[in-house]
Amino acid sequence: MKNTHPGRLRVAASQYYVRPIQGFDEFVDQVKSVVATAAGYDSRLFVLPEYFSLQLAALDDPHRPVAELVRGVAYHLPRFLELFTDLSREHGMYIVAGTIPTVDPEDDQVRNDCYVFSPQGKIGIQGKLHMTRFEREDWGVSERNELKVFETDFGRIAVAICYDVEFPELVRALADYDVDILCVPSSTDDRHGYLRVRYCAHARAIENQMYVIHSPTVGGLPWVPDVSLNYGTAAILTPCDYPFARDGILTEGVLNQDMIAVGELDLETIAQSRTFGTVLPLVDARHTRKLVRNTEVCSLQ
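Written out as structure tokens, the structure is:
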């Protein structure tokens with residue numbers, strides 16, 4: 006289905022269905038299928054979920070401690086990078102390839118990294134900046150300390166990995182660098198975890214007047230704790246104002262199904278909303294920054 010609206014950007018978000026596999030080739034086949042589907046809709050940007058790569062833990066010994074299973078997935082990183090580099094070039098599409106555990110050669114720590122692939126063969130990396138408790142305490146994953154903005158043919162994008170989107174100041178910093186599209190790969194195992202990420206993602210879209218592409222995992226691996234179940238709905242979120250959907254949802258998937266959500270973004274509309282919108286939260290935030298420096302604690306005792 007080709008793009009019939011010049012000036013708009015077609016994007017897609019995956020509800021990647023994590024299922025048991027018997028070999029790396031099965032992972033490749035599934036990835037190629039979902040990427041080809043997004044490309045078939047003429048998507049120029051495709052986002053996959055956080056930790057969808059843990060499907061590769063199915064190739065390991067299920068009796069190993071979960072932290073070792075997570076670390077073991079990093080072994081597949083070279084083939085993972087080769088796969089997505091080729092797919093991005095083949096389809097002429099930017100791919101935000103969810104996340105994959107990596108092992109830092111400098112300190113031997115496991116990190117949760119998102120690789121961003123361009124059709125020109127370039128690769129960007131955004132590590133997760135805030136660890137959830139199970140990542141830190143059960144999986145032994147450590148945080149990164151660098152926030153990135155990526156230049157593309159259609160403007161600036163950035164990535165906030167799952168829990169990271171729950172920190173407003175982080176995304177506001179990205180908005181200050183003129184980011185128009187925020188990609189949120191996530192992995193949550195229940196409804197309240199999913200909604201926490203979804204509500205925060207939508208809040209970031211409203212307060213920063215940007216598009217947010219949310220891509221969650223679904224399915225699961227029964228023998229891997231915290232990946233045994235996944236819950237979510239992919240969505241493309243917008244500000245809540247007249248040029249956009251009234252509820253701020255451009256499109257969303259069907260809960261817990263193997264599918265992608267596809268929508269068209271108008272980046273000029275985002276730019277205009279920051280100047281002519283019904284409200285101007287991104288501009289008015291400058292006033293907030295001045296106010297907080299003069300906060301006064303008033304006793305009513």
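Numbering (the working numbering), first residue to last: 6 to 306.
Virtual Cβ for every residue (Gly too), placed ideally from N, Cα, C.
(message) Rounding to the nearest angstrom, what Cα-Cα distance links Val297 and Ala208 in this structure?
(response) 20 Å
(message) Which residues does DSSP list as the beta-bridge partners of Gln131?
(response) Cys119
(message) Taking CB distances under 8 Å as the criterion, tell me whether Asp246 reaches chain B.
(response) The displayed structure is made up of one protein chain only, and chain B is not part of it.
(message) So, under 8 Å CB-CB, Val267 and Ala79 are touching, yes? Tell me the CB distance rounded to an integer number of Å.
(response) In fact, because the Cβ distance is near 31 Å, the residues do not count as touching under 8 Å.
(message) Relative to the C-alpha of Leu272, which candidate in Glu212, Met264 and Pro244 has its C-alpha closest?
(response) Pro244
(request) For the beta strand (DSSP E) containing Cys188, list its first residue and its last residue. (result) Ile186 to Ser191
(request) Taking 8 Å as the threshold, find out whether the region 248-256 comes into contact with the region 45-54 through three or more Cβ pairs. (result) no
(request) Decide if Thr9 is buried, meaning its Cβ has at least 16 other Cβ atoms within 10 Å, or exposed. (result) Low local confidence applies: a pLDDT of 47 at Thr9 is under 50, so the model's placement there is unreliable, and no value is given.
(request) Apply the 10 Å Cβ neighbour rule to Gln125 and answer buried if 16 or more other Cβ atoms are within range, or exposed otherwise. (result) exposed
(request) For Arg15, name the three-state secondary structure that DSSP assigns. (result) strand
(message) If I measure Cβ to Cβ from Leu86 and keep anything under 8 Å in the same chain, skipping five residues before and after, which residues do I get?
(response) Tyr120 and Ile128
(request) Check whether the Cβ atoms of Gln60 and Ile26 sit closer than 8 Å, and answer yes or no. (result) yes
(message) Quick check: the Cα distance between Gln131 and Asp169, rounded to an integer number of angstroms?
(response) 11 Å
(request) May I ask you to list the residues that DSSP assigns as paired with Arg69? (result) Looking at the DSSP assignment, Arg69 forms no beta bridge with any residue, so it has no partner.
(message) Spatial neighbours of Gly28 within its chain, please: C-beta separation below 8 Å, excluding the five flanking residues on both sides.
(response) Leu64
(message) Looking at the strands, I want to know which residues DSSP matches up with Ala240.
(response) His219 and Glu257
(request) Tell me, please, whether the region 142-159 touches the region 191-201 by the rule of three or more beta-carbon pairs shorter than 8 Å. (result) no
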